[in-house]
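Worksheet for the structure shown next.
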Amino acid sequence: MAKKSNTKQVQEQVDILETSNNNILVKGARTHNLKNVTVEFPRNQFIVVTGVSGSGKSSLTIDTLFAEGQRRYAESLSAYARQFMARMVKPEVDYIKGLCPAIAIEQKVITRTPRSTVGSMTEIYDYLRLLYARAGHTISPISGKEVKKDDVNDVVKDIQALPHGSKVVIIVPFKQHAKREAKEELNILMAKGFSRLATPNPSKGGALEPKRIEELLELSDNELAETLQPPKSKSGSKGAFVLVDRIVTKDFDEDDLHRLSDSIGTAFYEGEGEMYLEVDGSKPLHYSNKFELDGLQFEEPVPNLFSFNNPYGACPTCEGFSQVLGIDEDLVIPDKRLSVYEGAVAPWRGEKLSEWKTAFIRSASAIDFPIHKPIIDLTKEQYRLLWKGAKYVQGIDDFFKEVEANLYKVQYRVLLSRYRGRTKCPDCEGYRLRKEALYVKVHKKHIGELCEMQVKDLKVWFDKIQLSEHDQSVSKRILIEIHQRLQTLIEVGLGYLTLNRLANSLSGGESQRIQLTRSLGSNLTNSLYILDEPSIGLHSRDTEKLIGVLQSLKALGNTVVVVEHDEMMMREADYVIDMGPFASHLGGEVVAAGNYQELIANPKSLTGKYLKGELTIDAPKSLRKWQRSITIEGARQNNLKDITVQFPLDILTVVTGVSGSGKTTLVKQILYPALQKLKGEAAEKVGLHKAITGDVDYIAQIEMIDQNPIGKSSRSNPITYIKAYDEIRDLYAKQPLSKIRGFMPKHFSFNVDGGRCDACKGEGEQIVEMQFLADVHLTCEVCGGKRFKEEVIEVTYQGKSIYDVLEMSVDEAIDFFKEEKNLAKAIQPLQDVGLGYVKLGQSSNTLSGGEAQRVKLASFLGKGKGIGHILFIFDEPTTGLHFHDIKKLLASFNALIEQGHSLLIIEHNTDVIKSADWVIDLGPEAGDAGGTLVFAGVPKDLKKVKTSYTGKYL
């Protein structure tokens with residue numbers, strides 16, 4: 020035995036010597052389906068790990084490389100943190116040599132809070148706060164002048180600038196505090212060391228004359244009150260002053276300047292922020308170190324003043340959320356295609372309340388308001404008039420003021436509740452900050468206006484910014500950081516986002532690329548970056564830019580490992596590792612490793628065959644013809660430019676265009692909710708458009724199959740989602756041992772008490788909350804992760820327990836249940852959509868977005884015919900799919916169309932676009948430069964369109 024272990028040690032040492040010093044060596048990885056894999060990752064290279072879905076790419080990169088990197092980091096933590104970490108499972112691997120600090124950037128939307136924005140996630144907003152705190156100028160909203168305050172240096176400089184020999188007196192107004200007699204006040208001043216007061220002499224036109232405090236104390240109360248009147252004006256022409264110091268100007272040496280500064284500091288303190296200089300007996304000059312102007316007190320710019328996550332900076336009305344509960348404009352004017360005359364304002368309908376509409380129409384000519392113009396076509400000023408009204412004309416706001424004045428009547432309370440909803444905060448106008456923060460400007464703009472600009476426009480603004488010499492010097496370093504991060508956002512294809520865009524409204528791919536921007540901004544070196552399909556949701560044009568960003572991450576001295584299926588990525592990679600050959604138990608091996616040329620030369624590599632052209636996804640021989648369609652007229656939500664688009668039915672239609680060109684807006688914000696409303700279903704707000712026409716009645720229902728998780732519970736899994744688990748439970752309840760023990764189908768469910776483990780409630784794991792770190796998931800100690808009680812697991816079918824069945828992959832289960840025809844048929848759709856590698860009992864929350872989407876697709880494939888004509892809308896279904904799986908997916912799409920349904924797909928993948936019957940291309944660019952219909956027709960004609968980026972990559 021000793022000899023054997025000795026041999027193993029020698030072998031390990033030989034392995035370590037064989038790998039070049041620089042590379043990362045993974046030896047004997049066995050996580051999930053990996054079959055004792057040994058593979059090298061070259062250091063400081065751009066590496067792509069590819070292979071069919073379920074071949075073990077994530078198991079190798081995230082679950083082995085990253086997990087071990089994270090575990091080694093955890094070992095450096097305190098003993099307190101380590102007591103939980105000791106139970107962190109070590110990945111199943113013999114050893115990993117040469118591992119550097121690992122950072123995983125996954126495609127999950129990492130935040131759900133409505134406080135998190137693109138600006139705060141990329142840290143750009145933090146730098147903007149610093150910029151405004153250092154180089155911001157506070158502008159008074161009344162006079163438009165800059166607010167400044169005087170400090171000791173300002174006063175010293177003014178004194179030094181006076182002609183030599185000038186007699187300067189430093190004075191502060193005499194202030195009598197409440198509940199103190201004048202004599203008591205004078206005694207306090209004497210105790211502080213002041214000996215004289217300057218009081219106005221009426222016989223000399225009110226000129227100030229010094230008087231000793233002792234003399235004043237001898238006056239009667241009335242005389243004293245007359246002498247010590249407070250100053251009447253800023254110029255200090257009347258009233259008494261305390262004399263702080265007297266100086267004759269000359270070339271001051273260091274000691275003189277110290278004394279002068281001390282006297283001025285004392286004056287500001289005694290005068291509670293105000294002091295005067297009297298030069299040669301002329302009118303006193305006023306100085307104030309208070310931050311005020313036009314009678315307003317302003318806040319001094321500090322970084323927290325610009326933070327909406329801090330009570331100091333957040334708008335007090337909406338608490339920094341930008342929205343409050345108020346009158347919802349979309350409920351008041353639900354249909355913006357109508358004019359005021361046609362009854363666009365919902366509360367002004369009906370017999371009694373239409374008096375408001377009549378009154379407004381009568382007075383409209385006086386304010387030049389077009390009553391026959393649809394609301395959607397009104398200018399900003401006309402729309403404001405409709406709400407705010409004008410002199411002698413009452414608008415919608417006046418109507419609601421009257422409603423609120425009558426809330427003691429029940430009908431008015433009901434009326435108001437009908438139109439209440441989330442609306443923009445009236446105080447901060449949606450900028451989230453208190454008004455004092457918005458008075459601070461840099462280059463004539465406040466911080467809220469910058470956050471509303473698209474990143475690409477903001478970059479141009481910063482390129483043209485002109486600052487004074489002082490502002491430039493204090494903000495030089497900040498501007499470098501801002502420029503760099505904005506540039507990276509543009510390079511990863513996110514130039515169309517605004518900084519105030521909510522983080523929870525981003526797609527997985529967008530969120531991942533934002534994290535990438537943050538990682539690039541932090542300039543880490545000698546680290547291992549592991550990215551999970553960063554090209555998701557990117558048009559081929561933007562993928563090119565993304566590759567450039569990854570190359571610059573490598574140039575900093577990092578190793579970049581990307582799990583990816585994109586052909587362009589593989590061509591540009593320094594090293595490609597191809598996992599396979601197939602999915603699940605048929606995968607888990609390294610099929611090929613090397614550069615692009617070596618990959619396509621390797622006969623075993625399935626990826627190589629597709630790249631070389633041996634295997635291809637062929638375009639259909641003939642395109643389907645269509646008679647029916649649905650048309651959206653005048654779409655103008657977000658960046659759509661009043662476009663009219665026809666969507667054919669009964670065929671496969673693909674909507675494409677660069678990221679941010681308006682695809683999601685058109686399909687998910689207008690078409691989908693508008694059709695839902697027409698079908699009488701509850702829907703989100705419908706985006707702005709004029710009308711929806713065509714064969715709407717032909718569609719029985721609309722199904723949006725997006726990448727949202729399929730189940731909220733961690734007990735949810737693919738087999739329960741497609742309703743095939745009922746069959747399995749029935750089968751196990753029929754077994755002889757079940758009948759003896761009185762087990763029913765419910766005993767084989769982990770969702771209800773009975774057969775499930777009582778300790779973990781059928782979860783198979785227990786969660787330890789780690790407060791400041793990610794929660795740790797630990798296998799349940801009672802059932803050992805098997806989810807069921809021992810007596811339930813003893814029931815077997817063909818030697819396999821219910822736990823064994825849930826651990827099978829879909830492919831294995833179809834083989835295992837071949838005798839049970841109904842059961843095999845129920846599971847079959849999962850295999851058809853390319854999910855043969857997924858375990859039947861795999862928790863839904865561990866599925867990727869693309870996998871969750873394909874489980875939804877499988878549930879519809881299983882229903883077959885007889886459910887009416889459905890319009891299926893897919894959002895990037897090829898996410899996470901290898902060429903081989905896309906082929907299977909297209910077969911599933913065709914099966915749906917043969918069942919008599921229509922498909923509408925938002926997609927960037929060129930293989931799917933060329934397999935479509937009809938293509939709608941939006942663009943040509945993203946954001947403001949997008950939103951127009953570039954092309955609609957058959958795929959082969961798209962190649963001829965010069966302005967289409969999609970055509971270029973086809």
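Residue numbers (our numbering): 20 to 973. By construction, the Cβ of each residue, glycine as well, lies at the ideal position given by its N, Cα and C atoms.
Inset, instruction - Return helix, strand or coil for ASN206, following the three-state DSSP convention. - result: Within the sequence shown, the letter at position 187 stands for residue 206. Residue state, collapsed to three classes: helix.
Inset, instruction - Return the Cβ separation of ALA935 and VAL664 in integer angstroms, given the expectation that the two are a contact with Cβ distance under 8 Å. - result: Numbered from 1 along the sequence shown, position 916 holds the residue referred to as residue 935. Numbered from 1 along the sequence shown, position 645 holds the residue referred to as residue 664. That belief does not hold up - the Cβ atoms of ALA935 and VAL664 are roughly 15 Å apart, past 8 Å.
Legend entry - Straight-line gap, ARG368 to LEU973 (C-alpha atoms, nearest Å): What you label residue 368 is simply residue 349 of the sequence shown in a count that begins at 1. What you label residue 973 is simply residue 954 of the sequence shown in a count that begins at 1. Cα to Cα, ARG368 sits roughly 53 Å from LEU973.
Legend entry - CB contact flag (PRO393, SER358, <8 Å): The count along the sequence shown starts at 1 and reaches residue 393 at position 374. The count along the sequence shown starts at 1 and reaches residue 358 at position 339. Taking 8 Å as the Cβ cut-off, PRO393 and SER358 qualify as a contacting pair.
Inset, instruction - Please classify THR929: does DSSP put it in a helix, a strand, or coil? - result: Locating residue 929 in the sequence shown gives position 910, where the first residue counts as 1. Looking at THR929 - three-state DSSP - the assignment turns out to be helix.
Legend entry - Complete alpha helix (DSSP H) runs within the segment 553 to 615 (minimum length 4 residues, chain order): 559 to 574 and 586 to 591
Legend entry - Nearest to GLY440 (by Cα), restricted to the options LEU350, VAL461, GLN473 and HIS489: Translated into positions along the sequence shown, residue 440 becomes position 421. Nearest C-alpha to GLY440: LEU350.
Legend entry - Pairwise C-alpha distance: GLN473 and LYS164: Here the question's residue 164 lines up with position 145 in the sequence shown. Here the question's residue 473 lines up with position 454 in the sequence shown. Using only the alpha carbons, I get a separation of about 29 Å.
Legend entry - Per-residue burial, ILE161 [other beta carbons within 10 Å of its own, 16 or more giving buried]: Looking up residue 161 in the sequence shown gives position 142. Exposed, since its Cβ has fewer than 16 Cβ neighbours within 10 Å.
Legend entry - Own chain, CB closer than 6 Å to ALA845, minus 5 neighbours either side, in chain order: To locate residue 845, count along the sequence shown from 1; it is residue 826. So the qualifying residues of the chain are ALA743 and GLU746.
Inset, instruction - Determine, using beta carbons only, whether GLN850 and ASP823 come nearer to each other than 8 Å. - result: As a first step, residue 850 must be located in the sequence shown, where it is residue number 831. As a first step, residue 823 must be located in the sequence shown, where it is residue number 804. No, these two residues do not count as a Cβ contact at 8 Å.
Legend entry - Beta-carbon proximity of GLY627 to LEU53, cut-off 8 Å: Here residue 627 refers to the residue found at position 608 when the sequence shown is read from its first residue. Here residue 53 refers to the residue found at position 34 when the sequence shown is read from its first residue. No, Cβ-Cβ distance for GLY627 and LEU53 is not below 8 Å.
Inset, instruction - Run through the segment 661 to 725 for me and flag every whole alpha helix (DSSP H) of 4 or more residues, listed as ranges in chain order. - result: 691 to 697
Legend entry - CA-to-CA distance, LYS682 to TYR968, given in whole angstroms: One-based indexing of the sequence shown puts residue 968 at position 949. One-based indexing of the sequence shown puts residue 682 at position 663. So the alpha carbons of these two residues sit roughly 14 Å apart.
Inset, instruction - Check whether the segment 860 to 872 touches the segment 718 to 738, taking contact to mean three or more Cβ pairs, one atom from each stretch, closer than 8 Å. - result: yes
Legend entry - Close Cβ partners of GLU810 (< 7 Å) along its chain, the five nearest in sequence each way excluded: What you label residue 810 is simply residue 791 of the sequence shown in a count that begins at 1. Within the same chain, GLU810 has close Cβ partners ARG760.
Inset, instruction - For ILE741, I'd like the list of residues in its chain whose CB is within less than 8 Å of its CB, leaving aside the five on either flank, ordered along the chain. - result: Taking the first residue of the sequence shown as position 1, residue 741 is located at position 722. Excluding sequence neighbours, ILE741 sits near ALA845, ILE846, PRO848, LEU849, VAL874, ALA877, SER878 and GLY881.
Inset, instruction - In angstroms with no decimal places, state the Cα-to-Cα distance between GLU455 and LEU486. - result: On the sequence shown, position 436 is the one that residue 455 refers to. On the sequence shown, position 467 is the one that residue 486 refers to. Answer to the nearest angstrom: the Cα atoms are 22 Å apart.
Legend entry - Three-state secondary structure assigned by DSSP to PHE388: As a working note, residue 388 is residue 369 in the sequence shown. The answer is coil: DSSP assigns PHE388 none of H, G, I, E or B.
Inset, instruction - Please look up how many angstroms separate the CB atoms of VAL610 and LYS623, rounded, as I've assumed it's under 8 Å. - result: Locating residue 610 in the sequence shown gives position 591, where the first residue counts as 1. Locating residue 623 in the sequence shown gives position 604, where the first residue counts as 1. Indeed they touch by this definition, with Cβ atoms about 5 Å apart.
Inset, instruction - Report the three-state DSSP secondary structure of PRO755 (helix, strand or coil). - result: Stepping through the sequence shown from its first residue, residue 755 is reached at position 736. It is helical.
Inset, instruction - Output the boundary residues of the alpha helix (DSSP H) element that contains TYR968. - result: Against the sequence shown, residue 968 aligns to sequence position 949. Its alpha helix (DSSP H) spans residues 968 to 972.
Legend entry - For ARG439, the residue or residues it bridges with in DSSP: If you number the sequence shown from 1, residue 439 lands on position 420. DSSP, once it has assigned bridges, lists ILE346 as partnering ARG439.
Inset, instruction - Provide the residue(s) that pair with ALA845 in DSSP beta bridges, ordered along the chain. - result: Here residue 845 refers to the residue found at position 826 of the sequence shown. None, per the DSSP bridge assignment.
Legend entry - Stretch-stretch touch, CB-based, cutoff 8 Å, three pairs: the segment 593 to 605 with the segment 62 to 70: yes
Legend entry - Straight-line Cα distance separating ILE390 from SER974: Residue coverage of the chain in this structure runs from 20 to 973, which leaves residue 974 outside it and unanswerable.
Inset, instruction - Using the Cα positions of PHE601 and ILE905, report the straight-line distance between them to the nearest angstrom. - result: Sequence index remark: in the sequence shown, residue 601 carries index 582 (1-based). Sequence index remark: in the sequence shown, residue 905 carries index 886 (1-based). The straight-line gap from Cα to Cα measures roughly 14 Å.
Legend entry - Rounded straight-line distance, which links the Cα of GLN126 to that of GLU142: On the sequence shown, residue 142 is found 123 positions in, with the first residue counted as 1. On the sequence shown, residue 126 is found 107 positions in, with the first residue counted as 1. Computed Cα separation, rounded: 19 Å.
Legend entry - SER680 beta carbon less than 8 Å from that of LEU941: Locating residue 941 in the sequence shown gives position 922, where the first residue counts as 1. Locating residue 680 in the sequence shown gives position 661, where the first residue counts as 1. Yes, Cβ-Cβ distance for LEU941 and SER680 is below 8 Å.
Inset, instruction - Measure the CB-CB distance between PHE325 and LEU452 and report whether it falls below 8 Å. - result: As a first step, residue 325 must be located in the sequence shown, where it is residue number 306. As a first step, residue 452 must be located in the sequence shown, where it is residue number 433. For PHE325 and LEU452, yes; Cβs fall inside 8 Å.
Legend entry - Boundaries of the alpha helix (DSSP H) in which TYR450 is found, first to last residue: Taking the first residue of the sequence shown as position 1, residue 450 is located at position 431. No alpha helix (DSSP H) contains TYR450, which DSSP labels as neither H nor E.
Inset, instruction - Under 8 Å by Cβ, that's how I've got THR929 and SER559 pegged, so tell me the actual separation to the nearest angstrom. - result: For the purposes of this step, residue 929 is taken as the residue at position 910 of the sequence shown. For the purposes of this step, residue 559 is taken as the residue at position 540 of the sequence shown. Correct: roughly 7 Å between the Cβ atoms.
Inset, instruction - Take the Cβ of VAL263 as the centre, count every other Cβ of all protein chains shown within 10 Å, and call the residue buried at 16 or more, exposed below. - result: Locating residue 263 in the sequence shown gives position 244, counting from the first residue. VAL263 comes out buried.
Inset, instruction - Can you check the segment 442 to 518 for any alpha helix (DSSP H) of at least 4 residues that lies completely inside it and give the ranges in chain order? - result: 454 to 457, 466 to 471, 474 to 483 and 488 to 510
Inset, instruction - Take the Cβ of LEU908 as the centre, count every other Cβ of all protein chains shown within 10 Å, and call the residue buried at 16 or more, exposed below. - result: Numbered from its first residue, the sequence shown carries residue 908 at position 889. Looking at its Cβ environment, which holds 16 or more other Cβ atoms inside 10 Å, LEU908 is buried.
Inset, instruction - Go through its chain and collect everything with a Cβ distance to GLY956's Cβ below 8 Å, but skip five positions before and after it. - result: Counted from its first residue, the sequence shown places residue 956 at position 937. Result list for GLY956: TRP937 and VAL938, in chain order.
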